[in-house]
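Asker:
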Amino acid sequence: MRTPALLLLVLVAFQRATATDTDYPLGPEKVTNLHFFMHDTLSGKDPSAVLVARAAGANYTPRPDNLFPFSSVYVFNDVLTEGRERSSRVVGNAHGTYIVTAKNEKTILMAVDYQLADYQNSSFAVFTRNPVGVDGRELTVVGGHGAFRMARGFAILPSHYLNTENGDAILEYNVTLFHH
Ligand SMILES: *[C@@H]1O[C@H](CO)[C@@H](O)[C@H](O)[C@H]1NC(C)=O
Ligand SMILES: *[C@@H]1O[C@H](CO)[C@@H](O)[C@H](O)[C@H]1NC(C)=O
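Using mature numbering (1 follows the signal peptide of the UniProt record, and there is no 0), the letters of the sequence shown correspond one by one to residues -19 to -1, 1 to 161.
(1) How about HIS160 and PHE135: are their beta carbons less than 7 Å apart?
(2) Buried or exposed for VAL115, please, with buried defined as at least 16 other CB atoms from any protein chain shown within 10 angstroms of its CB.
(3) Considering Cα atoms alone, identify which of GLY127, ASN147, GLU86, ASN85 is closest to PHE105.
(4) Is the beta carbon of ASN144 within less than 6 Å of some heavy atom of ligand 2?
(5) Within the structure, which residues are defined as neighbours of ligand 1 by a Cβ-heavy atom distance below 7 Å, reported in chain order?
(6) What does a CB cutoff of less than 6 Å around TYR79 pick up in its chain, not counting 5 residues either side in sequence?
(7) Is PRO139 near ligand 2 - that is, is its Cβ less than 6 Å away from at least one heavy atom of it?
(8) In whole angstroms, what is the alpha-carbon distance linking PRO28 and LEU7?
(9) Assign GLY38 to one of three DSSP states: helix, strand, or coil.
(10) What residue from MET19, PRO50, GLY25, ALA30 has the CA that sits closest to ALA36's CA?
This is the structure we're talking about:
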């Protein structure tokens, strides 16, 4: 009498493990292009990006020619606007961290979630190497949720403004998402 019960259990487990795509209807793939500006502000009394860790030692001390030494870890909550000016319409925000992972070049590693108000606060996620300062650089989009479910794609950064004294930056984003 015990065997059928066990068999049933195995069958139920098997059914769960082999859920078909009808359980998660994705619909056809869509392509969405997003354009916005990200304001990364280190200066002032209420910065949007803060340094949380850095290796000790002279090699890791910021200098005018190297504001972001190797090993620096920043956490940020940046505003996204429609236009270049901070006073233009706010379209969302970015939460993330960037780490200076390059020893001999100006490159960071970014893990960021970008939330867009016009898409019911859906977000897409970027995990990428970022050679800062190179206009036209391309970042990797690795996922998304809500309106951007299953997103993948890329973000081109056509232009940027950097205040070389305090590190404040305004970054133009042109994002292409393939999603469902
Ligand atoms: C979207 O998120 C912002 C805060 O990030 C919140 O103020 C707003 O109410 C949210 N909108 C929706 C539709 O959830
Ligand atoms: C942004 O991307 C779109 C689609 O690839 C392109 O048509 C447009 O010219 C780009 N805009 C900028 C400012 O790079």
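Every residue, glycine too, gets a C-beta built ideally from N, C-alpha and C.
Answerer: On the basis of the coordinates in this document:
(1) no
(2) exposed
(3) GLY127
(4) no
(5) ASN74, GLN96, ALA98, GLN101, ASN102
(6) TYR55, ILE89, MET91
(7) yes
(8) 39 Å
(9) coil
(10) PRO50
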